[in-house]
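Undergrad:
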Amino acid sequence: MHAIEVVGLKKTYGKGWRRAGQVALAGVDLHVPVGSAFGLIGPNGAGKTTFIKSVLGIVRPTGGEVRVLGGDPEDPAVRARIGYLPERLHLPGAWTATAFLGTVARLKNLRRDAAAHARLLERVGLADAAGRRIGGYSKGMRQRLGLAAALLGEPELLILDEPTDGIDPMGRVEVRRILQDEVRRGTTLFLNSHLLAETERVCDRIAILGQGRVLREGRLEDLQRTGHRWSVRFAPGASEQVLRAAGFTPVGEEGDGRWTLGTPDAAALNAALGQVIAGGALLVELRRDAQDLEAVLTDAVGEGVAA
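Just so you know, we're using full-length UniProt numbering here: the sequence shown kicks off at 1 and counts up by one.
1) Short of 6 Å in beta carbon distance, which residues of its chain neighbour A26, apart from the five on each side in sequence? Order them along the chain.
2) Is the separation between the beta-carbon of G47 and that of L209 shorter than 8 Å?
3) Could you check whether the region 183–198 touches the region 33–40, counting it as contact only if at least three pairs of C-beta atoms, one from each stretch, sit closer than 8 Å?
4) Provide the residue span of the alpha helix (DSSP H) that contains N270, from first to last.
5) Candidates D222, H228 and E65: which alpha carbon is nearest L269's?
6) Could you spell out where the beta strand (DSSP E) holding Q22 opens and where it closes?
7) Can you tell me whether K53 is buried or exposed? The criterion is at least 16 other CB atoms within 10 Å of its CB, across all chains shown.
8) Report the partner residues of N192 according to the DSSP bridge assignment.
9) Between the region 130–143 and the region 103–114, do at least 3 Cβ pairs fall closer than 8 Å?
10) Quick one: give me the first and last residue of the alpha helix (DSSP H) that I52 is part of.
11) Excluding five sequence neighbours on each side, which residues of the same chain lie with their C-beta closer than 8 Å to the C-beta of T249?
12) Could you pull out every unbroken alpha helix (DSSP H) segment of at least 4 residues lying fully inside the region 99–180, listed in chain order?
13) Compare the C-alpha of G146 against each of L195, A77 and F100 and name the closest.
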């Protein structure tokens, strides 16, 4: 089952008579499994925020189909099951955090529960500022309050657009812990963030959006694999001549025993290892090389431009 199902999604702004308009989404297909932590990444102008607003029914697509939690995103009953934190958060400066959560709860048709709201503010680190006017909040505090509002009612789907923008590094750790707790609870998380390291720590699936279409999509660990290339570490004393003869290339500082090897398949890997082990090398560590998310994004966007 999918929390978000998008087929052939298109959105063009400013289209009219004799005007082609600006294409934001050029036929996006994307399925977000229930219970997953899904990250959407891409360069500025890729269409990420337009995609999110289309999924939420805030922007009406030019073409394609969108289903959220099995229903129409414009259905109030469906929207009530979604928690949303927008990229540009506008909060009433004259209100307190407690009053704001009470109003959001009423708009969501939730029972006003002062004790639950207090626990939620404590959870996001705003317990001591609950009675202060929002106008005196820092940007990071406003983001925390927006997250608290998104968490009201234990939503089935959390859609967060740049949730840690303006939050300090320690605060990001706290937010990450909250999001991981929500996923463990069974919530589906859909995250858009330019902070790739945060996305990498939280999400198990990734989609890369570029030029209005999905360039790559899949499990994070699959996207990060760099083909049949391996990082290997041998115990001190291994013969450099034997290792080089088998195709290994040294990496890191001299003498630390780390090498890399590219092979066409697993059989070639085993043959190379057998050759050096027969030559006296003692294998200590073997792992598949993986790119970080920044490298994956750069490669995907580069391929998209070339195509």
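Every residue gets a Cβ at the ideal spot worked out from N, C-alpha and C, and that includes glycine.
In this text, all values refer to a predicted model and were calculated from it rather than measured experimentally.
TA: On the basis of the supplied data:
1) G212 and R213
2) In contact: G47 and L209 (Cβ atoms closer than 8 Å).
3) yes
4) Element bounds for N270: A266 to A278.
5) H228
6) Q22 to P33
7) buried
8) L40 and D161
9) no
10) K48 to V55
11) W259, T260 and L261
12) 114–123 and 139–151
13) F100
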